[in-house]
Amino acid sequence: MKLGIGIGWRPEIADAVEALAGIDWVEAVAENICTDHLPDSLVRLRARGVTVVPHGVSLGLGGAERPEAGRLADLAARAELLSTPLVTEHIAFVRAGGPRTASPGLEAGHLLPVPRTWDALDVLCENVRIAQDSLPVPLALENIAALISWPDEELTEGQFLAELVERTGVRLLIDVANLHTNHVNRGEDPATALDELPVEAIAYVHVAGGVEKDGVWHDTHAHPVTEPVLDVLAELRSRVDPPGVLLERDDDFPPAEELAGELITIRATLDRAAALGAGTSAHAGKSVSRPARSPGPSLESVRDRVAVAQTALLSTLVAGTPAPQGFDHRRLGIQSRALAAKRAGVVAKVAPELPEILGAGYREAFLAYARARPMSAGYRRDALDFAEGLLIAGLPADDTARRRLTHWWQDRAAARPPRRSTRLVRAARAALIGR
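Taking our numbering, the leading residue of the sequence shown gets 4, the next gets one more, and so forth.
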């Protein structure tokens, strides 16, 4: 299936995307699409014959738990609504804790890396099979960028992906910006990864921008695509002619002409690599030699081990618990701060009234709240809990701002603002849960 050249559709650049010349397809974040109503822009694009691929971010297929039936049903409904040829998700975990670990559930609000171990692979493969059985179209999975590395990994990224494809038949969405990110942050050679993974399984490719700070590459999707990322794209094109290539941009959106310029550069990079004699899979997929393993425990026991490890890591990142052994403490600190900053930014987007009401004090107040309250139920609930916490504490100090915040909270949560007695009851309940 040939997709061609595409761009990530976002509401902020909907008009620009519609006006861009030579766009064959677009990708839209699945969770941002209502199952009963498409944005007018996507309706118009589909009427022009532009393919729309839903790109999920919340399944958490790399997590210890089986994927939730409701989330799978929602993704399937979006696939049906869009008449899409495939859907995509990520090789990542996004939540941890809960009954399996007898601990509170935690949400990362971000895609976190799974350890490249046989245990994690066993869990991922079963989760992928469950997802495949629930979806009406083929599934492709994306390699993610990471700031941190798990200790004692048993496979390289390419080997991990090759084994995943062999065992499940899933397609791959290869993000060349993420390969570059992992080169800077984890010392992993993109060429080696491309040599080891089965490039013939690639459904399409992501290209995105980022920025390097203090020796760490941040995959921001808010900066122009850099030359090193384009070099990785050329490396991939030297091995295979990918069915589709897509430019991603999620924030700090530039003028339409800059987006058009980046698409031109991507096309030129592909053309130059093709002119050098690319386009076959001669380099593809070195076989993975799986070590001999004695009969292992049940998959439920494996899931338990993965759950404990992922919960310990996520608790460090969002709740400040001691770092698990073997992790780079500096990198964990960078990741923790990045998660809190992202959380503050997303809450400001889903509830723009909050930074408007709180003004310059919004960010500091939210980060203080986030340090004490890990996210457990998504960003919209997070916004309500943040506002509730401020009101319980008698904040903001300005009477007018506090009245506005009270009215905002009342409109969305309850008829009466929370009082200090509410805080005491919830604190007692939390203490009981923590026992």
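Using N, Cα and C, we set each Cβ at its ideal position, and we do this for glycine too.
Note that the coordinates shown come from a computational prediction; the quantities given were computed from them, not determined experimentally.
Distance, residue j Cα to residue i Cα
| i | j | result |
| --- | --- | --- |
| Ala155 | Ala375 | For clarity, residue 155 is Asp in the given sequence; the question names Ala instead. If I take the Cα positions, the gap works out to 31 Å. |
| His40 | Ile267 | 32 Å |
| Glu92 | Val168 | 14 Å |
| Pro201 | Trp411 | 52 Å |
| Ile205 | Pro116 | 20 Å |
| Val235 | Gly161 | 14 Å |
| Pro14 | Val20 | 10 Å |
| Thr159 | Phe256 | 34 Å |
| Gly65 | Pro245 | 25 Å |
| Leu1 | Val56 | Residue numbering for the chain in the displayed model covers 4 to 438; residue 1 lies beyond these limits and cannot be assessed. |
| Leu197 | Asp401 | 57 Å |
| Pro294 | Ser301 | Bear in mind that a pLDDT of 49 at Pro294, under 50, signals an unreliable position, so the model cannot answer this. |
| Gly172 | Ala343 | 36 Å |
| Ile67 | Arg275 | Residue identity check: residue 67 is Ala in the sequence provided, not Ile. Looking at the two C-alpha atoms, the distance is approximately 43 Å. |
| Pro258 | Asp43 | 21 Å |
| His183 | Glu265 | 18 Å |
| Arg405 | Pro107 | 31 Å |
| Leu249 | Leu6 | 9 Å |
| Thr324 | Ser339 | 11 Å |
| Gly112 | Lys345 | 8 Å |
| Gly282 | Glu145 | Low local confidence applies: a pLDDT of 47 at Gly282 is under 50, so the model's placement there is unreliable, with the coordinate-based value given in what follows. About 21 Å. |
| Glu157 | Asn130 | 20 Å |
| Glu238 | Asp192 | 11 Å |
| Lys216 | Ala50 | 43 Å |
| Ala371 | Ala390 | 13 Å |
| Pro327 | Val349 | 28 Å |
Reduced DSSP secondary structure (H/G/I, E/B, other) of residue i
| i | result |
| --- | --- |
| Ala67 | coil |
| Leu395 | Sequence inspection shows Ile at residue 395; the Leu mentioned does not correspond to that position. Residue state, collapsed to three classes: helix. |
| Leu144 | strand |
| Ala22 | helix |
| Met4 | coil |
| His93 | strand |
| Glu15 | helix |
| Ala326 | coil |
| Val353 | helix |
| Arg51 | coil |
| Ala281 | Reliability fails at Ala281, whose pLDDT of 47 lies under 50, so the model's placement of it is uncertain and the value that follows must be treated cautiously. The answer is coil: DSSP assigns Ala281 none of H, G, I, E or B. |
| Ala111 | strand |
| Val219 | strand |
| Val235 | helix |
| Val173 | coil |
| Arg308 | helix |
| Pro294 | Note that Pro294 scores 49 on pLDDT, short of 50, meaning its location in the model is unreliable; the coordinates nonetheless yield the value given after this. Residue state, collapsed to three classes: coil. |
Under 8 Å between C-beta atoms of residue i and residue j
| i | j | result |
| --- | --- | --- |
| Leu142 | Arg174 | yes |
| Ile147 | Ile94 | yes |
| Ala165 | Glu110 | no |
| His224 | Glu251 | yes |
| Trp28 | Val60 | no |
| Leu357 | Ala386 | yes |
| His226 | Val208 | no |
| Val311 | Pro377 | no |
| Ala1 | Val232 | Because residue 1 is not part of the residues shown, which for the chain are 4 to 438, the question remains open. |
| Ala347 | Ala373 | yes |
| Trp12 | Ala33 | no |
| Thr314 | Leu335 | no |
| Gly218 | Val228 | no |
| Arg333 | Val353 | no |
| Thr38 | Leu84 | yes |
| Leu279 | Ser241 | yes |
| Leu317 | Ala105 | no |
Of the residues the options, the one placed nearest residue i, counting alpha carbons only
| i | options | result |
| --- | --- | --- |
| Ser86 | Leu75, Val46 and Asp178 | Val46 |
| Arg306 | Pro70, Thr54 and Gly52 | Pro70 |
| Ile495 | Leu62, Val353 and Ala271 | Look at the range of the chain in this structure, 4 to 438, and you will see that residue 495 is not part of it. |
| Asp125 | Arg308, Val228, Ala180 and Leu250 | Arg308 |
| Gly329 | Pro118, Ala105, Glu68 and Ala80 | Pro118 |
| Trp153 | Ser44, Ala123, Val140 and Pro355 | Ala123 |
| Val90 | Phe96, Leu78, Gly364 and Ala149 | Leu78 |
| Ala393 | Arg189, Gly381, Arg407 and Tyr382 | A small correction: the amino acid at residue 393 is Leu; Ala does not occupy that position in the sequence shown. Of Arg189, Gly381, Arg407 and Tyr382, the residue nearest in Cα terms is Arg407. |
| Gly190 | Thr229, Ala416 and Ala149 | Ala149 |
| Ile26 | Leu48, Glu203, Thr403 and His58 | Leu48 |
| Leu62 | Gln135, Ala105 and Leu317 | Gln135 |
| Ile186 | His221, Phe163, Arg170 and Phe96 | Note that residue 186 is His in the sequence shown, not Ile. Closest option to His186, Cα to Cα, is His221. |
| Ser379 | Val97, Gly362, Leu239 and Glu230 | Val97 |
| Asp388 | Ile36, Ala237, Gly247 and Ala416 | Ala416 |
| Arg132 | Asn188, Ile151 and Arg170 | Arg170 |
| Ala80 | Asn35, Asp254 and Ala24 | Asn35 |
| Asn188 | Ala263, Ala194, Leu114 and Ile151 | Ile151 |
| Leu398 | Asp414, Tyr365 and Leu23 | Tyr365 |
Beta-bridge partners of residue i, as assigned by DSSP
| i | result |
| --- | --- |
| Pro57 | Ala31 |
| Leu249 | Gly9 and His209 |
| Arg275 | Note: Arg275 sits in no beta bridge, so no partner. |
| His332 | Paired residues: none, contrary to the question. |
Any C-beta of chain B under 8 Å from that of residue i
| i | result |
| --- | --- |
| Glu68 | Given the protein chain composition of this structure (a single chain), no chain B is represented. |
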